[in-house]
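If you're matching them up, the sequences are chains A and B in order.
Going from the first sequence to our numbering is simple: count from 1 and add 80.
Going from the second sequence to our numbering is simple: count from 1 and add 251.
All C-beta atoms, glycine included, are put in the ideal place defined by N, C-alpha and C.
Here the structure comes first, spelled out in structure tokens, and everything after it is commentary.
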Amino acid sequence: MTALSIKHLWKEYGDQIVLENISLEIAPRSFVALVGASGCGKTTLLRMLLGQEQPTRGQILIDGEPLPPEPGPDRGVVYQRYSVFPHLTVLGNVMLGPEMAGSRFWGRLTGTRKRDLQDRARAMIADVGLAGAEGKYPAQLSGGMQQRLALAQALMMQPRVLLLDEPFGALDPGIRADIHALMQRLWHTLPMTVVMVTHDLREAFTLGTRIIALERTRTRPEEIARYGAQIGKDIAIWPPRVAGGGTIYDNPALRDDPALEDLIAGRPDSIERH
Amino acid sequence: MRLINQQLSPPALLALKLAPFVLLVIAYLAGSAARLADNPADKLLPALSSMATAIDLMAFTPDRRTGDYLLWTDTWASLKRLGAGLGISTAMALVVGVAIGIFPVIRALLGPFVGFVAMVPPLALLPVLFIMLGLGEISKIALIVIGVAPLMIRDMAQRVLDLPREQIVKAETLSANSWLVVWRVVLPQVLPRLIISLRLQLGAAFLFLIAAEAISSDSGLGYRIFLVRRYLSMDIIFPYVAWITFLAAMADYGLDRLRRWLFPWSDMEGGR
Chain A
81 MTALSIKHLW KEYGDQIVLE NISLEIAPRS FVALVGASGC GKTTLLRMLL
131 GQEQPTRGQI LIDGEPLPPE PGPDRGVVYQ RYSVFPHLTV LGNVMLGPEM
181 AGSRFWGRLT GTRKRDLQDR ARAMIADVGL AGAEGKYPAQ LSGGMQQRLA
231 LAQALMMQPR VLLLDEPFGA LDPGIRADIH ALMQRLWHTL PMTVVMVTHD
281 LREAFTLGTR IIALERTRTR PEEIARYGAQ IGKDIAIWPP RVAGGGTIYD
331 NPALRDDPAL EDLIAGRPDS IERH
Chain B
252 MRLINQQLSP PALLALKLAP FVLLVIAYLA GSAARLADNP ADKLLPALSS
302 MATAIDLMAF TPDRRTGDYL LWTDTWASLK RLGAGLGIST AMALVVGVAI
352 GIFPVIRALL GPFVGFVAMV PPLALLPVLF IMLGLGEISK IALIVIGVAP
402 LMIRDMAQRV LDLPREQIVK AETLSANSWL VVWRVVLPQV LPRLIISLRL
452 QLGAAFLFLI AAEAISSDSG LGYRIFLVRR YLSMDIIFPY VAWITFLAAM
502 ADYGLDRLRR WLFPWSDMEG GR
């Protein structure tokens, strides 16, 4: 169970302030969708969660510990492009993470360990709907299949946090709906917290438990550089989605969750509790 | 239909590909016949028959003095130098180029330096090499390395820098340390480019080889050409030039086949 805590985070590039005093508590097992206009710093925020960039001020805590200053296996990532390795087959891509974790010099496993990993990788490949494509190279896959592969590759490391940077933005609507269903199933079944950057509000509301909108409050030309984006909207999805459970409408057991009391408070459309 | 959209039938395609070669041969034969008609002793454009005699003399008749078949000993001597020079350059490009591309410390230390060294005109250094390294094999190999390696190193470094940062970060999230990023992600992806880079440098390598052999050697393809030049032996020079060209073209073709065979993914579109 992994909570992320962002405290008074600033990001500046020279004189340009990108993010201004962002504070955010992300509960374990949430699916947070970061939305906002282009250039509002949502990808920058994601990169800081990843460790690819460092905050100028403020800090990020993961389960109360400061975030390491570089990317690591506890935080998986799927980008819109370049997420998979073109020189490895589907099977090779999915096996790469555990191979490197298990063999710190050659990056390859042998014997039983290799066979066990192959079985695990094949199961993961089948799970994301790529069975039969094990021997293909990424260039031979469609965009949707490449993103499925990228998810499988990241999930092999069993990351506590999965970071998605507009992962489905380049896909056709039909393909996107399929991969949304996959993404929901994975989030429900695997113990991970998800943060997704997207510019598609519909996608944000389809998948997220919470929508964070970043926006610049000052937009006059002379102010733009000196004021960064802040959290404009923080919307909890109603009815609340619970990882592994659906919503309180389709899973009555969830209505006994003590946390629900806080969520329901003040809602005009509160459900009757039995 | 616009010229840019023309579709060619396979026979037309083949005919067009062969046309320049055929024209070259015809032009030569016509020129040769015209000159020989004026002066049967002309040496500038020898007839095919005298070239055949020369080839027979060089390739299939033992030399009267040494008993060697000169074309083959020359070829072997040149290919050894070329192979050593290109082998050393390729190894340097792989190690130094990748290190410059991926490690900020090495990039700061060697990047500008290699860029500077690449601008030194290698042939201007040839006298220095002969003086310092002697007239033997080492100075010839060194000339090829100095001429070829800096360019290949820069090409490799740029290739590594061109890899999307996302891939490196992704590898880090898959538990890679610095070495594993190099070993499992960067190296395999730049090896195809290394072969392409080697192909592009073949011409330059031959240039430096022949220049070095022309000045100081006792065997080699370049040595032979510059030796028989004194006797205006075009009947030997032309076959030698054709043979060098053939060797270079075969090396070029062979390296490309090797790349496709080793790295089948490197020609696929949209891979990155």
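Identified DSSP bridge partners for residue i
i: Tyr-307 of chain A; result: None, per the DSSP bridge assignment.
i: Gln-96 of chain A; result: A:Tyr-93
i: Leu-243 of chain A; result: A:Val-157, A:Val-275
i: Ser-85 of chain A; result: A:Glu-105, A:Leu-141
i: Lys-122 of chain A; result: In DSSP, Lys-122 of chain A forms no bridge with anything.
i: Pro-305 of chain B; result: The sequence given here has Ala at residue 305 of chain B, not Pro. Ala-305 of chain B pairs with nothing; no bridge assigned.
Test item: CB-CB of residue i and residue j under 8 angstroms
i: Ala-211 of chain A; j: Leu-221 of chain A; result: no
i: Ser-340 of chain B; j: Met-407 of chain B; result: no
i: Leu-244 of chain A; j: Met-276 of chain A; result: yes
i: Glu-100 of chain A; j: Ser-85 of chain A; result: no
i: His-167 of chain A; j: Trp-516 of chain B; result: yes
i: Gly-131 of chain A; j: Pro-151 of chain A; result: yes
i: Gln-418 of chain B; j: Phe-165 of chain A; result: yes
i: Pro-218 of chain A; j: Leu-197 of chain A; result: no
i: Val-411 of chain B; j: Val-349 of chain B; result: yes
i: Ala-250 of chain A; j: Gly-116 of chain A; result: no
i: Ala-328 of chain B; j: Gly-398 of chain B; result: no
i: Asp-144 of chain A; j: Leu-89 of chain A; result: The residue you asked about is not Asp; residue 144 of chain A is Gly in the sequence shown. No, they are not a contact pair.
i: Met-128 of chain A; j: Lys-87 of chain A; result: no
i: Leu-296 of chain B; j: Ser-283 of chain B; result: yes
i: Leu-360 of chain B; j: Leu-380 of chain B; result: no
For residue i, the first and last residue of its enclosing alpha helix (DSSP H)
i: Ile-487 of chain B; result: 485 to 513
i: His-260 of chain A; result: 253 to 269
i: Val-411 of chain B; result: 388 to 413
i: Asp-325 of chain B; result: 321 to 343
i: Arg-444 of chain B; result: 438 to 466
i: Phe-364 of chain B; result: 355 to 368
i: Val-157 of chain A; result: Counting along the chain, Val-157 of chain A falls outside any alpha helix (DSSP H), though it belongs to the beta strand (DSSP E) covering 155 to 158.
i: Leu-221 of chain A; result: No alpha helix (DSSP H) contains Leu-221 of chain A, which DSSP labels as neither H nor E.
i: Gly-177 of chain A; result: 170 to 182
Opening and closing residue of the beta strand (DSSP E) in which residue i lies
i: Leu-294 of chain A; result: 290 to 296
i: Asp-314 of chain B; result: Unbroken run through Asp-314 of chain B: none, as it is neither H nor E.
i: Leu-425 of chain B; result: That residue, Leu-425 of chain B, is in no beta strand (DSSP E); it is neither H nor E in DSSP.
i: Phe-477 of chain B; result: Phe-477 of chain B -> not in any beta strand (DSSP E); alpha helix (DSSP H) instead, spanning 472 to 479.
Close Cβ partners of residue i (< 6 angstroms) along its chain, the five nearest in sequence each way excluded
i: Val-396 of chain B; result: Gly-336, Ile-339, Ser-340
i: Glu-352 of chain A; result: With a pLDDT of 49 at Glu-352 of chain A, under the threshold of 50, the predicted position of this residue should be treated as unreliable, and no value is reported.
i: Ser-301 of chain B; result: Asp-486
i: Leu-386 of chain B; result: Ser-467
i: Arg-358 of chain B; result: Ile-351
Same chain only: Cβ atoms within 7 angstroms of residue i, ignoring 5 sequence neighbours per side
i: Ser-183 of chain A; result: Leu-189
i: Arg-306 of chain A; result: Ile-97
i: Thr-324 of chain B; result: Ser-470
i: Leu-402 of chain B; result: Ala-369, Gln-452
i: Ala-234 of chain A; result: Gly-156, Val-157, Val-158, Leu-242
Other residues of its chain near residue i: CB distance less than 8 angstroms, five sequence neighbours each side excluded
i: Pro-291 of chain B; result: none
i: Arg-161 of chain A; result: Ala-250
i: Gly-522 of chain B; result: Note that Gly-522 of chain B scores a pLDDT of 40, beneath 50, so its modelled location is shaky and nothing firm can be said.
Exercise for review: Say whether the stretch 238 to 248 of chain A touches the stretch 155 to 170 of chain A, bearing in mind that this needs 3 or more beta-carbon pairs closer than 8 angstroms, one atom from each stretch.
Suggested key: With a cut-off of 8 angstroms, the stretch 155 to 170 of chain A and the stretch 238 to 248 of chain A count as touching, because enough Cβ pairs lie within range.
Review point. Between the stretch 273 to 282 of chain B and the stretch 456 to 472 of chain B, do three or more beta carbon pairs fall short of 8 angstroms?
Key: No, because fewer than three Cβ pairs between the stretch 273 to 282 of chain B and the stretch 456 to 472 of chain B fall closer than 8 angstroms, the two stretches do not touch.
Exercise for review: Flag this pair as touching only if the stretch 284 to 299 of chain A and the stretch 314 to 324 of chain A have three or more C-beta atom pairs under 8 angstroms; answer yes or no.
Suggested key: In short, these stretches touch, since the Cβ pair count reaches three.
**Study point:** Given 8 angstroms, three or more beta-carbon pairs between the stretch 112 to 121 of chain A and the stretch 288 to 304 of chain A
**Key:** Note that the stretch 112 to 121 of chain A touches the stretch 288 to 304 of chain A; at least 3 beta-carbon pairs, one per stretch, sit closer than 8 angstroms.
Check your understanding: On the three-pair Cβ rule with 8 angstroms, is the stretch 418 to 438 of chain B touching the stretch 492 to 500 of chain B?
Key -> Cβ pair count under 8 angstroms is below three, so no.
Review point. Counting pairs of Cβ atoms below 8 angstroms between the stretch 248 to 268 of chain A and the stretch 228 to 238 of chain A, do you hit three or more?
Key: Contact between the stretch 248 to 268 of chain A and the stretch 228 to 238 of chain A is present, with at least three C-beta pairs closer than 8 angstroms.
**Study point:** Meets three-Cβ-pair contact criterion under 8 angstroms: the stretch 367 to 379 of chain B and the stretch 307 to 320 of chain B
**Key:** Flag = no, the stretch 367 to 379 of chain B and the stretch 307 to 320 of chain B do not touch.
Review point. Three or more beta-carbon pairs under 8 angstroms between the stretch 437 to 448 of chain B and the stretch 344 to 357 of chain B, yes or no?
Key: With a cut-off of 8 angstroms on Cβ pairs, the stretch 437 to 448 of chain B is in contact with the stretch 344 to 357 of chain B, counting three or more such pairs.
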